[in-house]
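Residue numbers (my numbering): 145 to 539.
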């Protein structure tokens with residue numbers, strides 16, 4: 145018999161009743177170190193006082209009005225993000241997948257407005273993940289996710305990551321833009337190189353394409369910069385954001401330069417809930433915390449510490465871990481062939497730590513950005529216990 149909640153997830157058999165900072169507490173009273181962070185969503189941990197205050201205060205005043213009217217919190221948030229980034233304008237939605245879909249529409253409308261209506265194709269990358277809506281799935285290109293849902297949406301081609309020559313060869317007179325994650329999360333914490341992003345930028349300028357970054361995973365401080373593109377200095381024309389943006393409250397956006405957004409006029413896109421007073425009120429509170437002096441620099445410094453500790457684990461336990469990946473608080477450990485990422489996730493949960501798996505046999509290490517060295521050490525100690533247990537079983 146089917147469950148009342150549609151069984152589309154392979155859920156772990158645990159129910160959490162409360163969270164506090166870096167920890168989750170199950171209904172049986174057990175405490176877990178949370179290095180999943182809602183899959184890079186709970187940027188400020190669980191029940192951060194500033195977010196609870198913002199939610200309660202806004203919730204007591206006004207939740208929703210629709211986008212038929214101006215929304216003060218949204219205008220404030222948009223201006224702040226525009227001042228902090230490459231973007232001049234943005235559209236608020238509810239999720240990362242919606243942000244990807246909106247960005248795709250913007251790119252195609254840009255080409256149409258510039259007299260190139262045949263340009264609709266987007267070059268994407270192997271092992272990408274852009275969401276579960278039909279265009280986002282086609283941009284992702286994963287056969288496992290596409291199976292059974294009819295012919296994939298047209299217009300998406302997939303190149304190997306960090307291979308500019310292949311990308312150049314794919315560009316034709318129907319190409320509209322290039323969509324890339326600065327760091328692939330679901331794909332196994334696979335990083336683009338600065339040189340590759342510079343090459344993509346140059347190709348976009350040469351051929352009249354728009355460069356579209358998916359910073360859903362990497363945004364809002366997770367890499368030790370507000371956005372990951374700041375490390376390379378290569379700005380996009382369009383960018384999708386979500387996850388850490390609301391600290392757990394559903395909100396996303398696609399951002400763009402004024403030039404790129406030329407076609408986005410009244411009637412071209414819409415959302416019932418997107419950017420409502422409650423969502424943007426909480427997102428402003430998240431941004432308040434991230435922009436406090438030293439906060440994101442602290443993430444960068446503690447991220448370097450975490451990276452060094454994970455590299456030590458790899459060196460000490462080569463039969464369990466073969467590689468550390470990523471930076472900031474967006475890191476991963478690639479497991480040895482004899483240890484599946486799924487088995488590692490289960491073992492860590494049994495030891496009191498929560499992490500998500502990823503492609504290429506990787507477990508993701510996504511602490512909340514508030515995690516201090518003591519919390520990081522606690523997580524690394526549990527990872528070591530797991531490694532030792534797998535080693536003991538192999539003898």
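Yeah, the Cβ is synthetic: ideal placement off N, Cα and C, and Gly gets one too.
Residue i versus residue j: straight-line alpha-carbon distance, rounded
i           : j           : result
residue 379 : residue 357 : 9 Å
residue 403 : residue 224 : 19 Å
residue 187 : residue 178 : 12 Å
residue 413 : residue 497 : 41 Å
residue 287 : residue 438 : 43 Å
residue 324 : residue 269 : 7 Å
residue 211 : residue 470 : 38 Å
residue 176 : residue 506 : 20 Å
residue 534 : residue 509 : 19 Å
residue 421 : residue 246 : 21 Å
residue 410 : residue 398 : 16 Å
residue 332 : residue 478 : 8 Å
residue 500 : residue 180 : 6 Å
residue 349 : residue 362 : 24 Å
residue 167 : residue 494 : 15 Å
residue 204 : residue 169 : 28 Å
residue 232 : residue 151 : 41 Å
residue 202 : residue 298 : 42 Å
residue 252 : residue 329 : 26 Å
residue 369 : residue 436 : 13 Å
residue 455 : residue 426 : 36 Å
residue 441 : residue 372 : 13 Å
With 16 other Cβ atoms within 10 Å as the buried cut-off, status of residue i
i           : result
residue 366 : buried
residue 208 : exposed
residue 473 : buried
residue 145 : exposed
residue 335 : buried
residue 283 : buried
residue 172 : exposed
residue 229 : buried
residue 214 : exposed
residue 424 : buried
residue 154 : exposed
Limits of the beta strand (DSSP E) - the one that residue i falls within
i           : result
residue 248 : Here residue 248 belongs to no beta strand (DSSP E); instead the alpha helix (DSSP H) covers 240-257.
residue 398 : 396-400
residue 477 : 474-479
residue 323 : 319-324
residue 265 : 265-269
residue 384 : 382-385
residue 178 : 175-178
residue 234 : 233-237
residue 162 : 160-164
residue 300 : 300-303
Extent of the continuous alpha helix (DSSP H) run through residue i
i           : result
residue 432 : 421-434
residue 278 : 278-284
residue 170 : First-last for residue 170: 167-170, but that is the beta strand (DSSP E), not the alpha helix (DSSP H).
residue 311 : 308-314
residue 289 : 287-290
residue 196 : 193-203
residue 184 : 181-184
residue 272 : From DSSP, residue 272 is part of no alpha helix (DSSP H); its letter is neither H nor E.
residue 226 : 216-228
For residue i, the nearest candidate out of the options (CA to CA)
i           : options            : result
residue 250 : 230, 308, 372, 400 : 400
residue 218 : 503, 482, 429      : 429
residue 234 : 521, 264, 498, 395 : 395
residue 377 : 344, 393, 390      : 344
residue 458 : 183, 531, 489, 407 : 531
residue 192 : 514, 290, 382      : 514
residue 318 : 300, 190, 486      : 300
residue 183 : 523, 424, 511      : 511
residue 238 : 444, 419, 456, 465 : 419
residue 342 : 466, 210, 309, 320 : 309
residue 360 : 431, 384, 180, 292 : 384
residue 519 : 156, 151, 189, 174 : 189
residue 240 : 226, 264, 275      : 275
residue 461 : 449, 528, 327      : 528
residue 198 : 475, 453, 390, 281 : 390
residue 517 : 425, 451, 277, 204 : 451
residue 165 : 441, 448, 196, 149 : 196
residue 266 : 279, 258, 257, 259 : 279
residue 354 : 415, 258, 476      : 258
residue 483 : 538, 446, 160, 273 : 538
residue 504 : 490, 467, 321      : 467
Contact with chain B by residue i, beta-carbon distance below 7 Å
i           : result
residue 209 : The displayed structure is made up of one protein chain only, and chain B is not part of it.
Q.
If we require 3 or more residues per run, which beta strand (DSSP E) segments fall completely within the segment 351-378?
A. 354-358
Q) At which residue ranges does the segment 458-539 contain complete alpha helix (DSSP H) runs of 4 or more residues, listed in the order of the chain? A) 485-494, 517-538
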